[in-house]
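Visitor: What follows is a single structure, and I will ask about it in a moment.
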Amino acid sequence: MILPNDLLHNYAFIGNDELLFLIYKSNITNLKYQAKFEKNAIIFVKNGKKLINTSKEEHIIKAGDTIFLPSKSYTLSDIKAKNGYESLILFFSDELLIKLLKKYKINTYKNNKNDSFIYYISRDETLQNIFHSLDLYSKNNINNNNIINLKFEELFLYMITSKNDRFSAYLNTLVKLNSINFKALFLDDIAFKSVFDMANATKMDISSFSRKFKILFKISPKEWLDNKRFELALYLIKNSNKNINQICTECGFSSPAWFIARFKKRFHITPNEFKKSNNLYNNP
């Protein structure tokens with residue numbers, strides 16, 4: 292099972308690529324099924340129990356408890372109670388975590404001495420209330436992404452300000468396992484001129500950097516750099532009175548001819564044609 296994707300066909304959810312809230316229910320006990328989490332997850336067990344196994348450990352999560360999981364593979368069991376099994380799940384991306392760490396100027400933490408990467412908190416009243424409010428929004432069909440984002444931010448801030456050691460250890464684990472500090476460099480608005488500059492920022496040689504980058508971002512550094520250049524080019528074509536040669540130079544393309552050919556291949560229109568119909572200065 293691939294999560295959250297394999298649940299989206301059968302369960303109601305609220306959210307987007309960065310953050311997703313889902314209510315998972317089962318009327319039967321499901322024993323030892325394999326699940327690969329493609330996003331990090333926070334799971335509140337509402338009814339029944341959840342068993343989580345890795346190669347090194349087993350955790351039993353009871354109703355009222357909250358568990359924090361990195362994006363990894365696990366063996367799971369859902370143990371139903373009299374009224375079935377139910378859990379409320381927040382799936383979130385590394386990119387969202389990075390935004391919150393930056394927004395609240397939270398330093399990544401001390402070395403985590405615990406070998407575990409699974410953390411849970413028993414019957415925390417504030418966490419329970421946050422998940423219950425999400426449950427109510429879902430049941431009342433209030434499917435607003437902004438509300439879900441605010442509730443997740445509330446949960447994040449509560450855990451930070453309460454100085455919970457387990458949550459701190461969880462963040463530490465995410466930073467280490469998911470290469471958060473590496474990813475954060477490329478979510479800033481830093482204008483890298485070349486793959487060499489990108490590798491230099493990470494203090495890695497180009498080949499090692501390129502391999503790691505492609506594993507984490509599913510795209511080569513060169514493709515990523517070109518995408519960023521085209522994003523900037525589109526913005527300048529729409530919102531400035533600069534000519535195409537000036538835009539080409541500012542965005543770091545090797546030559547106007549290369550830029551024009553690649554632009555047409557990508558957008559099925561030349562830069563000048565796009566400028567005529569989309570530029571703010573041409574359409575007062």
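Quick note on my numbering: the sequence shown kicks off at 292 and runs consecutively. Just so you know, even glycine gets a beta-carbon here, dropped at the ideal spot from N, CA and C.
1. In whole angstroms, give me the CA-to-CA distance for ARG557 and LYS484.
2. On the DSSP bridge assignment, give the partners of LYS327 in chain order.
3. Going by C-alpha distance, which of LYS363, LYS474, ASN570, ILE305 is nearest ASN532?
4. From ASN518 to ILE314, what distance separates their C-alpha atoms?
5. Quick check on DSSP: helix, strand or coil for LEU381?
6. Using DSSP bridges, identify the partner residues of PHE335.
7. Provide the residue(s) that pair with ALA372 in DSSP beta bridges, ordered along the chain.
8. Kindly indicate which three-state DSSP category PHE348 falls into: helix, strand or coil?
9. On a Cα-Cα basis, can you pick out the residue from ILE334, ILE319, LEU294, GLY339 that is closest to GLN325?
10. So which of GLU514, THR464, LEU527 has the shortest CA-CA distance to ILE409?
11. For a test of the three-state rule: what should DSSP assign to TYR302, helix, strand or coil?
12. Quick check on DSSP: helix, strand or coil for ILE319?
13. Quick check on ILE551: does DSSP put it in helix, strand or coil?
14. Cα separation between ASN436 and ALA548?
15. From ILE560 to ASP479, what distance separates their C-alpha atoms?
16. Tell me the rounded alpha-carbon separation between LEU523 and THR540.
17. Quick check for students: name the residue ranges of the alpha helix (DSSP H) that lie wholly in the stretch 444–500, counting only runs of 4 or more.
18. Pull the bridge partners of ILE411 from the DSSP assignment, please.
19. Taking 6 Å as the limit between beta carbons, can you name the residues of its chain near PHE500, skipping five residues before and five after?
20. Tell me, please, which residues DSSP counts as bridged to LYS567.
21. Would you mind sorting ALA482 into buried or exposed? The rule is 16 or more other CB atoms within 10 Å of its CB.
22. What first and last residue would you give for the alpha helix (DSSP H) that runs through LYS519?
23. What is the DSSP secondary structure of PHE312, reduced to helix, strand or coil?
24. Does the stretch 372–389 touch the stretch 315–334, meaning 3 or more C-beta pairs lie closer than 8 Å?
25. Among PHE335, SER470, SER568, whose alpha-carbon lies nearest the alpha-carbon of ILE506?
Guide: From the atom records:
1. About 21 Å.
2. Per DSSP, ILE293, SER364.
3. From the listed residues LYS363, LYS474, ASN570, ILE305, the smallest Cα separation to ASN532 is found for ASN570.
4. Those two C-alpha atoms are separated by around 36 Å.
5. Note: LEU381 maps to strand in three-state DSSP.
6. THR357, LEU379.
7. Answer is GLY375.
8. The displayed chain sequence assigns Glu, not Phe, to residue 348. In the structure shown, GLU348 adopts coil according to DSSP, grouped into three states.
9. Minimum Cα distance to GLN325 is reached at LEU294.
10. Selected option, being the one with the closest Cα: THR464.
11. Three-state DSSP puts TYR302 in coil, outside helix and strand.
12. Residue state, collapsed to three classes: coil.
13. Looking at ILE551 - three-state DSSP - the assignment turns out to be helix.
14. Roughly 42 Å separates the two Cα atoms.
15. For ILE560 and ASP479, the distance between alpha carbons rounds to 30 Å.
16. Cα to Cα, LEU523 sits roughly 12 Å from THR540.
17. Runs of the alpha helix (DSSP H) inside the stretch 444–500: 456–468, 471–476, 486–492.
18. The sequence as given places Tyr at residue 411; Ile does not occur at that position. TYR411 is bridged to ILE358.
19. Taken in chain order, the residues that qualify are ALA490, THR493.
20. According to DSSP, which records beta bridges pairwise, LYS567 is partnered with nothing at all.
21. Exposed, since its Cβ has fewer than 16 Cβ neighbours within 10 Å.
22. That run of the alpha helix (DSSP H) goes 512–530.
23. Annotated three-state conformation of PHE312 is strand, per DSSP.
24. At 8 Å Cβ cutoff, the stretches touch.
25. Of the candidates PHE335, SER470, SER568, SER470 places its Cα closest to the Cα of ILE506.
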